[in-house]
């Protein structure tokens, strides 16, 4: 109920947003500063991009991924998390999936191909400088839960009392199984693609509610227990 404080904070946020765009945005291009993946993802993820520039900013990010880096990322610890979620929020989880699934340098697949069983501190292997068991790029795990499994708190949730289940089926992925032990209890999202159908099973704790999104071309094709 502290409305004056809320209004002050909102005004300050808008002031910071305007200052950020004056400093870093090249108007009419969607480009932020040097236009790297991290620069674009930072602005998109934190919702700093003006509505009229959003499509251009996203397009610049995707062109850098596809053309400049042949489907790979070029981000570090913060930019990696921002980019995966910015792409998903823009409806391009397929692009994020392609990045995550890369088996050549740099990326998580490259670590796996080199025999990694834990995450490295650096995209490149080193036998004497960097840690080989490090949370540096662990944000991909959050992406598994929030995007692939689609488990999220609602924007106005308190301790997961309101839940959003919004799984995204991407690429050649055939199934996902995930659970989160929230303060309210266990939340489960499991899906599989079978025979041209998307089948979703979910569990939410007692005394919670969930809004469930099902990927489908036609709303009439969505059924629950056959109805």
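Numbering (the working numbering), first residue to last: 21 to 247.
Backbone N, C-alpha and C define an ideal beta-carbon position, used for all residues, glycine too.
Keep in mind the model is a prediction, meaning the values are calculated, not measured.
Take residue i as the anchor and find which of the options has the nearest alpha-carbon.
i	options	result
residue 126	153, 89 and 115	89
residue 215	225, 202, 194 and 232	194
residue 219	227, 202, 243 and 229	243
residue 55	22, 70, 95 and 39	95
residue 238	225, 59, 217 and 58	217
residue 45	71, 30 and 31	71
residue 84	66, 205, 59 and 140	59
residue 107	40, 80 and 97	80
At what residues does the alpha helix (DSSP H) containing residue i begin and finish?
i	result
residue 188	First-last for residue 188: undefined, no H or E at that position.
residue 105	97-109
residue 116	113-120
Below 6 Å CB to CB, which residues in the same chain sit around residue i once its five sequence neighbours on both sides are set aside?
i	result
residue 173	180
residue 118	91
residue 145	134
residue 69	63 and 77
residue 231	184
residue 36	none
residue 97	156
Might you give, ordered along the chain, the residues of its own chain that have their beta carbon closer than 8 Å to the beta carbon of residue i, omitting 5 neighbours on each side?
i	result
residue 120	104, 127, 128, 129, 160 and 163
residue 165	171, 198 and 200
residue 66	102
If I follow the unbroken beta strand (DSSP E) through residue i, where does it start and stop?
i	result
residue 30	Premise fails: residue 30 lies in the alpha helix (DSSP H), 23-44, not in any beta strand (DSSP E).
residue 229	229-232
Which partner residues does residue i have in the DSSP bridge list?
i	result
residue 223	208
residue 51	46
residue 218	213
Sorry if obvious, but does the Cβ on residue i come closer than 6 Å to a heavy atom of the ligand SAH?
i	result
residue 180	The ligand SAH is absent from the structure shown, which contains no ligand whatsoever.
Contiguous alpha helix (DSSP H) assignments of at least 4 residues, all confined to the stretch 128-216: 128-133 and 159-163
Ranges of the beta strand (DSSP E) found wholly within the stretch 61-98, counting only runs of at least 3: none
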